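Following: one structure in structure tokens, then a few remarks.
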Amino acid sequence: MNKTIRRASVFVLLLVFALLVRVTWVQFYNGKALADDKDNRRNAIATYADPLGNIIVAGRSITGSARTQGSDLAYRRTYTDGRLYAAVTGYASQSYAPTQLEGIYQDLLDGTDSRLKSVMDTITNQRAEPGNVITTIDPDVQKAAYRALGGKKGAAVAIDPATGKILAVVSTPSYDPSSLTDANTAAAAWKQLSSDPDKPLTNRALRRPLPPGSTFKLVVAAAALEDGLYSSVNQHTDSPDPYSLQGSTRELSNENPNAPCKNASIREALRYSCNNVFGKMAVDLGQDKVRAMAEKFGFNDDKQDVPVRAYASAYPSGMDKAQTALSGIGQFDVTATPLQMAMVSAAIANGGKLVSPHMVSQITDSGGDVLENYDDRTQTRQIVSSSTAEQLQSAMQTVVAQGTGTNAQISGATVGGKTGTAQHGENNSKTPYAWFTSYAKSDSNGKEVAVAVMVEQSDAARSEVSGNGLAAPVAKAMMQAALKI
6 MNKTIRRASV
16 FVLLLVFALL
26 VRVTWVQFYN
36 GKALADDKDN
46 RRNAIATYAD
56 PLGNIIVAGR
66 SITGSARTQG
76 SDLAYRRTYT
86 DGRLYAAVTG
96 YASQSYAPTQ
106 LEGIYQDLLD
116 GTDSRLKSVM
126 DTITNQRAEP
136 GNVITTIDPD
146 VQKAAYRALG
156 GKKGAAVAID
166 PATGKILAVV
176 STPSYDPSSL
186 TDANTAAAAW
196 KQLSSDPDKP
206 LTNRALRRPL
216 PPGSTFKLVV
226 AAAALEDGLY
236 SSVNQHTDSP
246 DPYSLQGSTR
256 ELSNENPNAP
266 CKNASIREAL
276 RYSCNNVFGK
286 MAVDLGQDKV
296 RAMAEKFGFN
306 DDKQDVPVRA
316 YASAYPSGMD
326 KAQTALSGIG
336 QFDVTATPLQ
346 MAMVSAAIAN
356 GGKLVSPHMV
366 SQITDSGGDV
376 LENYDDRTQT
386 RQIVSSSTAE
396 QLQSAMQTVV
406 AQGTGTNAQI
416 SGATVGGKTG
426 TAQHGENNSK
436 TPYAWFTSYA
446 KSDSNGKEVA
456 VAVMVEQSDA
466 ARSEVSGNGL
476 AAPVAKAMMQ
486 AALKI
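My numbering numbers the first residue of the sequence shown as 6 and each following residue consecutively.
Now the structure itself:
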């Protein structure tokens with residue numbers, strides 16, 4: 006063999022070797038990344054080759070699958086009462102990444118979760134029968150919240166204080182997830198929903214923290230009692246009316262100028278929602294103590310999973326005394342989700358103990374065998390002492406019985422609550438946010454519930470926007486549904 010042929014042969018062998026190395030690299034190193042690539046059409050074909058597993062509410066599937074026509078994607082996701090449960094389910098789309106429970110449990114619902122595989126599935130490398138997600142949602146409470154919110158832009162959450170089970174998650178305006186499931190129609194629906202100024206795709210219950218206004222006064226009151234700044238909700242405070250903001254020319258006055266807010270006790274200050282009392286109380290405590298109490302309730306937690314990741318509710322740092330005073334009435338840079346304010350009321354109602362909130366009870370395989378039981382994995386934290394919780398319960402009951410929250414009264418139940426009207430816009434130029442957070446205990450059957458309602462915008466005149474006027478009736482409807490009275 007002459008030198009030229011020998012060199013050509015070696016070169017060809019090197020090319021073959023390089024090709025083999027590249028093929029091996031792609032097959033064994035890049036293979037999984039390529040298979041999992043969102044643009045790999047085969048993944049969508051495999052996902053929708055068979056019906057998906059379902060999301061269950063009170064023993065009933067609120068999702069399904071329908072056969073498609075003229076598509077390589079054999080099935081598409083369907084929803085029963087889609088608008089009602091959109092804030093719970095999210096959507097599973099042939100065109101877009103799944104959201105909410107559909108996204109968190111995607112592997113379970115499409116059968117790729119390894120826990121679903123039988124020995125034969127593993128041997129044959131076949132996709133397993135999909136599993137199901139069993140939620141904690143109470144359909145009666147969900148419907149009550151959705152109907153009561155009606156055409157308002159807002160959100161509501163209900164929690165069982167003793168178990169942490171989330172009974173309702175509602176965000177309005179809502180949308181029909183079914184409009185996003187079919188690849189042929191999803192793009193137009195997505196464009197319309199994304200451009201809607203009311204932002205129906207935003208889960209306001211879990212993922213839109215806004216100033217909580219006077220509902221945050223419960224957190225400040227808890228800090229004052231736990232710290233010993235005041236020994237009782239009935240002890241008179243040192244609270245001039247109006248309260249001059251230190252370092253500022255502004256004064257902190259009250260919505261009702263005739264309310265007996267000067268040196269009012271915590272009970273009376275909650276009853277009349279006295280800004281001067283809680284603004285000065287926050288300054289007297291100092292922002293660090295208020296923040297510490299807020300964080301015990303769940304503020305500033307950027308890993309609040311229920312199991313959907315909720316946006317963190319915020320209590321700021323680095324404030325001056327005037328800003329600290331404003332934070333004491335749930336303004337300045339304080340923000341909260343309805344989930345967070347429901348957690349505050351839940352802990353107070355449960356003797357100061359906060360059970361981790363969750364809206365999935367179990368996940369199961371196709372035969373109903375439990376793969377994971379989240380009801381057995383809850384964590385309980387002592388937020389405030391039982392004595393402080395009892396005093397705050399009593400004061401919240403006064404708010405509903407004789408104060409700013411009378412629209413939440415329920416015959417046959419003990420109800421405690423707190424209203425809030427949060428300023429919005431520069432110099433309060435925009436319509437305020439209306440809040441109400443509360444708890445209720447049946448006088449007959451022992452059932453209990455904690456709720457929070459936020460109305461971001463409604464058709465009510467600005468002068469009629471209040472927690473009692475807009476949010477409390479929604480909370481009342483939810484509480485009645487939860488207590489079954």
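C-beta: ideal position from N, C-alpha, C; glycine also. Given the structure is predicted, the values throughout are model-derived calculations rather than measurements.
On the DSSP letters alone, give me the boundaries of the alpha helix (DSSP H) that residue i sits inside.
i           : result
residue 267 : No alpha helix (DSSP H) holds residue 267; DSSP gives it neither H nor E.
residue 280 : 280-290
residue 397 : 391-407
residue 222 : 222-232
residue 113 : 111-115
residue 82  : Not the alpha helix (DSSP H): residue 82 falls in the beta strand (DSSP E), residues 80-84.
residue 93  : 87-94
residue 197 : 191-200
Quick check on the burial criterion: 16 or more other C-beta atoms within 10 angstroms. Buried or exposed for residue i?
i           : result
residue 140 : buried
residue 75  : exposed
residue 373 : exposed
residue 114 : buried
residue 89  : buried
residue 9   : exposed
residue 72  : exposed
residue 360 : buried
residue 281 : buried
residue 250 : buried
residue 323 : exposed
residue 384 : exposed
residue 304 : buried
residue 16  : exposed
Less than 8 Å between the CB atoms is what I'm expecting for residue i and residue j, so what's the real figure, rounded?
i           : j           : result
residue 330 : residue 214 : 21 Å between Cβ atoms; not a contact.
residue 422 : residue 487 : The pair is not a contact, with the Cβ atoms about 14 Å apart (cut-off 8 Å).
residue 158 : residue 112 : Contact doesn't hold; Cβ gap of about 34 Å is too wide.
residue 150 : residue 479 : 6 Å
residue 58  : residue 136 : 5 Å
residue 95  : residue 106 : 6 Å
residue 424 : residue 471 : 7 Å
residue 415 : residue 308 : Going by Cβ atoms, the distance from residue 415 to residue 308 rounds to 35 Å, so no, they are not a contact pair.
residue 271 : residue 295 : Not confirmed; about 14 Å, so no contact.
With respect to the beta strand (DSSP E) encompassing residue i, which residues constitute its N-terminal and C-terminal limits?
i           : result
residue 377 : 375-378
residue 345 : Looking at the DSSP string, residue 345 is not in any beta strand (DSSP E); the run it does join, the alpha helix (DSSP H), is 343-354.
residue 71  : 68-72
residue 102 : Unbroken run through residue 102: none, as it is neither H nor E.
residue 501 : An answer regarding residue 501 cannot be provided, because it is not within the stretch 6 to 490 covered by the chain.
residue 367 : 365-369
residue 174 : 171-177
residue 60  : 60-62
residue 387 : 385-387
Mapping DSSP to helix, strand and coil, what is residue i?
i           : result
residue 240 : coil
residue 316 : coil
residue 491 : Lying outside 6 to 490, the shown extent of the chain, residue 491 is not represented and no answer is given.
residue 423 : strand
residue 453 : strand
residue 324 : coil
residue 159 : strand
residue 311 : coil
residue 483 : helix
residue 428 : strand
residue 302 : helix
residue 144 : helix
residue 40  : Interpretation of residue 40 is limited by its pLDDT of 49, a score under 50 that renders its predicted location unreliable; no figure is taken from the coordinates.
residue 415 : coil
residue 441 : strand
residue 137 : strand
residue 207 : coil
residue 329 : helix
residue 123 : coil
residue 76  : coil
residue 277 : helix
residue 339 : coil
residue 10  : helix
Below 6 Å, is the gap between the Cβ of residue i and the nearest heavy atom of the ligand SAM?
i           : result
residue 346 : Inclusion of the ligand SAM in the displayed structure is not the case, the ligand content being empty and no account of it being possible.
Q | Meets three-Cβ-pair contact criterion under 8 Å: the segment 395-406 and the segment 184-200 | A | No: fewer than three Cβ pairs fall under 8 Å.
Q | Sufficient close CB pairs (3 or more, under 8 Å) joining the segment 172-181 to the segment 139-157 | A | yes
Q) Are there three or more Cβ pairs, one per stretch, closer than 8 Å when the segment 386-394 is compared with the segment 362-373? A) no
Q: Determine contact between the segment 273-292 and the segment 216-234, defined as no fewer than three beta-carbon pairs at a distance below 8 Å.
A: Segments in contact, yes.
(Q) Tell me whether the segment 344-354 and the segment 245-256 touch, counting them as touching only if at least three CB pairs, one residue from each stretch, are closer than 8 Å. (A) Segment contact: the segment 344-354 against the segment 245-256, fewer than three CB-CB distances shorter than 8 Å; contact not assigned.
Q) Given 8 Å as the limit, is there contact between the segment 443-457 and the segment 354-366, that is, 3 or more CB pairs closer than that? A) yes
**Q.** Inter-stretch contact at 8 Å, needing at least 3 Cβ pairs: the segment 319-339 / the segment 279-296
**A.** yes
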